[in-house]
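Counting in the UniProt record's numbering, the sequence shown runs from 1 upward without gaps.
We put the CB at the ideal spot given by N, CA and C, even for glycine.
Please read these numbers as outputs of a predicted model, since none were measured by experiment.
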Amino acid sequence: MSPSDRPPPQVEKDSRALDIRQRQVLVTAPRQVALVERDLTAPPPGEVRVRVREVGVCGSDLKMWSGEHAVLRPPLVLGHEAWGVVEEHAVDPDATGSAPLPPGTPVVIVPPAGCGTCHNCSRGREQLCARMRFVGGQIDGAMARFLTVPPRHLLRIDPQVPEQLRVLIEPLAVAVHAVSRARVGADDQALVIGAGPIGVFCALVLAAQGVGRVVVTDRDPLRLDLARRLEVRHRVRTTTARPLVAGGDHIRSEGADVVFDCVGAQATIAQALAETCRGGRAVLVGISPAELTVDGVALQRGERELIGVQMYRREDFTRAMGLLTEGLVPAVDGLKHSRPLSQAAELFDELALRPSSALKESLLPD
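This is the structure:
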């Protein structure tokens, strides 16, 4: 190739510059999404820049996008179910403690961070801090090419976790935490209401923990079929006319020892309590409405418990990674559907009309 045939250096420079420009999905107003590009600036001292590899979309993202979330409203940069690779670390000369994560380290995003000094933070329960801030909420999230956060929001990924499953670490951590809150035993019977990602993961974690009888219910036959392929053994389809699960071959007539509501609606929470046996536990995993009406007689005289679940603790991520390396989630058709980050607006519009046919929808920075 002669010198005159070579592309001018400026073309190559522009291509590299495009690669390092920031691109974010910004929810500007309820149901309004803009794809914003800007130049990258150096990370603030002590923070880490991560090149996002994949970010999942969940029901709470949909509520924030629509303006229906109880706390978080637009404008927002969403994205909390994410993993990526450390791109650049800005050293804080005043920082002490563990060594920084070197560039190239694969990391999962740990979204919540508390104040660090309150009663709950001192016990490792940052998700319960009254001043907790959340990546993908109060902090710009991972629906972007790059995410810049303090290192406490990052956790090194076990290299044995398959890359195609790493976006599932965060939602699986929700299920790990929910099951830990439920105090289940091997002889318990468990009912899971809702066969979305969290419901299916709760069922899989329960089975991995040795619970012998786990039943998942949903109105959508496609979700139940995917649960079957993911090796959830017992599944029941509910309808408007038949919202409750009959005992029969699945759950003893007295009710389940523990019921997980993974929907977060008045009707399903009431159903969870109704399906709980005397002395049992109803666990609220889905995002609950601000006000609830429950059967106080059944709660008090049946010595039933209502247990809330708020996200997870850091160790739940480690447990989730361990379960993925052990093969808890088989790579079946329909497990995941991915599309470019630039199609985020279309994805939200679609999910507002109907649930995805895949267990997890994800976006790939482009």
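{"Asked": "Where A272 sits in the DSSP three-state scheme", "Found": "helix"}
{"Asked": "Close-in-space but distant-in-sequence residues of the same chain around F146 (CB under 7 angstroms, 5 per side omitted)", "Found": "Q22, L40, R49, V50, R51, V52, E87"}
{"Asked": "Beta-ladder partner(s) of A42, from DSSP", "Found": "BP columns for A42 are empty, so no partner."}
{"Asked": "Buried versus exposed, by CB contacts within 10 Å (16 or more), I20", "Found": "exposed"}
{"Asked": "Under 8 angstroms between C-beta atoms of R156 and V85", "Found": "no"}
{"Asked": "Every unbroken beta strand (DSSP E) inside the UniProt domain \"Alcohol dehydrogenase-like C-terminal\" (197-325) [3 residues or more]", "Found": "213-218, 234-237, 256-261, 276-284, 305-308"}
{"Asked": "Distance between beta carbons of L206 and V214, contact taken as under 8 angstroms", "Found": "5 angstroms"}
{"Asked": "Alpha-carbon spacing of D61 relative to S180, whole angstroms", "Found": "24 angstroms"}
{"Asked": "Contact between the region 151-169 and the region 218-232 (3+ Cβ pairs under 8 angstroms)", "Found": "no"}
{"Asked": "Residues near I198 in its chain [Cβ-Cβ closer than 7 angstroms; skip 5 each side]", "Found": "P171, V174, A175, C262, V285"}
{"Asked": "Cβ neighbours of L328 in the same chain (closer than 7 angstroms, five flanking residues each side left out)", "Found": "L204, A208"}
{"Asked": "For P151 and P100, the rounded distance between their alpha carbons", "Found": "8 angstroms"}
{"Asked": "Three-state class that DSSP yields for V33 in the structure shown", "Found": "strand"}
{"Asked": "Cβ shell of R252 (< 7 angstroms), same chain only, five flanking positions each side left out", "Found": "Q189"}
{"Asked": "Bridge partners - A82, DSSP secondary structure assignment", "Found": "V55"}
{"Asked": "8 angstroms Cβ cutoff met for M143 and G196", "Found": "no"}
{"Asked": "At least 3 beta-carbon pairs within less than 8 angstroms: the region 304-322 vs the region 117-131", "Found": "yes"}
{"Asked": "DSSP three-state assignment for L335, whether helix, strand or coil", "Found": "coil"}
{"Asked": "Reference P330, options T238, R228, L353, closest by Cα", "Found": "R228"}
{"Asked": "Residue span of the alpha helix (DSSP H) that contains I157, given as start and end", "Found": "Element bounds for I157: n/a, residue is neither H nor E."}
{"Asked": "Segment limits, alpha helix (DSSP H) that includes V176", "Found": "169-182"}
{"Asked": "Element boundaries [alpha helix (DSSP H), containing E350]", "Found": "344-353"}
{"Asked": "One or two residues paired with Q127 in a DSSP bridge", "Found": "Per DSSP, none; premise fails for Q127."}
{"Asked": "Reduced DSSP secondary structure (H/G/I, E/B, other) of Q24", "Found": "strand"}
{"Asked": "Neighbourhood of V236 by C-beta, 7 angstroms cutoff - its chain only, sequence neighbours within 5 removed", "Found": "V215, T217, V245, H250"}
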